[in-house]
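In what follows, a single structure is set out as structure tokens and then discussed.
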Amino acid sequence: MAKITRIGSSERWADVVIHANVARWVEVASDPQADCEGQLKQIFHQIEETLQQIGSSRNDLLQVTVYLASLTDVAILNLLWDAWVPRGHAPVRACVQACLQGNYQAEFMITAATG
Amino acid sequence: MAKITRIGSSERWADVVIHANVARWVEVASDPQADCEGQLKQIFHQIEETLQQIGSSRNDLLQVTVYLASLTDVAILNLLWDAWVPRGHAPVRACVQACLQGNYQAEFMITAATG
Amino acid sequence: MAKITRIGSSERWADVVIHANVARWVEVASDPQADCEGQLKQIFHQIEETLQQIGSSRNDLLQVTVYLASLTDVAILNLLWDAWVPRGHAPVRACVQACLQGNYQAEFMITAATG
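Residue numbers (the numbering used here), protein chains in the order written: chain W, 1 to 115; chain A, 116 to 230; chain R, 231 to 345.
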């Protein structure tokens, strides 16, 4: 069986799981008291940190699913997203509205290639 | 690192991302002015086109997640789906209701095997 | 093309699809007349059965997406989840609220490694 690498395992979840050169993880803002724009900026920063941690980069994103607490925030998502995604290396993206826990305004599920 | 192939890259997303013999993509109807049945027919047709483009077929679908703007459309989804999915080669499928952008009535996330 | 193994294929979906050492499947409670706690217990039991069927175990879970009909049930989800997930081998987990079909209170999408 291909090796499974788990980073940041708590009793509830792992921060990242890597298997067969694919990393999967979920990001919500570390500080959910921020508004949606603030939370999205945190999430992009956190994804960046995770990518560095696993030896990957923004160029290696395969798929991102974005759950937004309110679709009225799609405009700000797209503004930040377009500036963040590397030209020519964009992942596939789904984006739907879903009620999220606590004050979370956005929850991302990320799949990325790893070496 | 395994090669990543991106098809139809815009500044926001790729139409399809292929990595380690797995293709991932998202489909919404090209013409969202159609009703849900019309949008679903478009989506099935578009998936077909994408499968051909990547050298795969309906037999290679691994997983489909269906977001419906209204679960009242599950009946028409199932009717079209059952006629479309090849007997003996059905993917796994999740289907939940979620508010979608604009007039989209359905958004599909697809995972398929590729050669 | 890597072999695709489908278990429990109906005309609508497969119970499990395995490809390139990754198994994907969806679980809802066999008896949706139970309340959310009852449905969650069924789902954990059913996942267990599926893992055994494919020669994997709870230690091999990669990613779980939980759709809850009501986020008021997150507390009971976490209680059951924390007791069920093997320490040091937790998957990544996303959890959002989404309207589900019929009386389903929870729908799980699971990705697991297989030998």
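Note that beta-carbon positions come from the ideal geometry of N, C-alpha and C, so glycine has one too.
Predicted model only: the values in this text are computed from it and were never measured.
In the DSSP assignment, R:Leu281 falls within the unbroken alpha helix (DSSP H) covering Cys266 to Gln283.
Around the beta carbon of W:Asp35, a 10 Å sphere encloses fewer than 16 other beta carbons of the protein chains shown; the residue is thus reported as exposed. Neighbours of R:Val304 in chain A, taken as residues at a C-beta separation under 7 Å, are lacking, since the least C-beta distance is about 16 Å.
In this structure, the CA atom of R:Ser300 is about 10 Å from the CA atom of W:Gln101. For A:Val143, there is no enclosing alpha helix (DSSP H), as DSSP marks it with neither H nor E. In the structure shown, the three-state DSSP call for W:Ala75 is helix. In the DSSP assignment, R:Arg317 falls outside any beta strand (DSSP E), carrying neither H nor E. Under the three-state reduction of DSSP, W:Arg12 is assigned to coil, being neither helix nor strand. Taking the Cβ atoms as the reference, R:Trp255 lies roughly 5 Å from A:Val207, within the contact range of under 8 Å. The three-state reading of DSSP puts A:Leu195 in helix, counting H, G and I together.
Bounds of the beta strand (DSSP E) holding W:Tyr67 are Leu61 to Leu68. Ala135, Asn136 and Val137: these are the residues of the region 134-159 of chain A whose beta carbon lies less than 9 Å from some beta carbon of chain R, given in chain order. By the neighbour-count definition (other C-beta atoms within 10 Å, threshold 16), R:Ala313 is an exposed residue. Counted as a single uninterrupted DSSP element, the beta strand (DSSP E) harbouring R:Arg236 occupies residues Ile234 to Ile237.
Contact between the region 76-90 of chain W and the region 153-160 of chain A is not established, with fewer than three Cβ pairs separated by less than 8 Å.
Closer than 8 Å at the C-beta level to chain W, one finds these residues of the region 203-219 of chain A: Ala213, Cys214, Leu215 and Gln216.
The beta carbons of W:Ile47 and W:Val16 sit no closer together than 8 Å.
Within its own chain, the residues whose Cβ lies closer than 8 Å to the Cβ of W:Thr114, once the five positions on either side in sequence are excluded, are Ile18, Asn21, Val22, Ala23, Ile54, Gly55, Ser56 and Asp60, listed in chain order.
At a C-beta separation below 7 Å, A:Glu222 has these neighbours in chain W: Ala94 and Val96.
The beta carbon of W:Leu68 sits closer than 8 Å to the beta carbons of Cys36, Val74, Leu77, Cys95, Val96, Gln97, Ala98, Gln105 and Ala106 from its chain, once the five residues preceding and following it are set aside; these are given in chain order. Comparing alpha carbon positions, the residue from R:Pro262, R:Leu292 and R:Ile340 closest to W:Ala2 is R:Leu292. Boundaries of the beta strand (DSSP E) around A:Arg208: Val207 to Gln212. The C-beta of R:Trp243 comes no closer than 8 Å to any C-beta of chain W. W:Gln33 and R:Val296 have their alpha carbons spaced roughly 24 Å apart. Boundaries of the beta strand (DSSP E) around R:Ala336: Ala336 to Ala343. The beta carbon of R:Ala342 lies closer than 7 Å to those of Ala253, Leu281, Ser286, Asp290, Leu291 and Leu292 in the same chain, with the five residues before and after it left out. Per the coordinates, the alpha-carbon of A:Ile119 lies some 11 Å from the alpha-carbon of A:Ala129. Residue-level contact check: W:Ile4 touches chain R, since one or more beta carbons of chain R fall below 8 Å from its beta carbon. By alpha-carbon distance to W:Ser10, the top candidate from R:Ile340, R:Gly238, R:Ser239 and R:Trp311 is R:Trp311. Leaving aside the five residues that flank R:Met339 on each side, the residues in its chain whose CB is nearer than 6 Å to its CB run, in chain order, Val256 and Thr295. Rounded to the nearest angstrom, the gap between the Cα atoms of A:Glu164 and A:Thr187 is 27 Å. Taking C-alpha positions only, A:Gly153 is separated from A:Val200 by approximately 18 Å.
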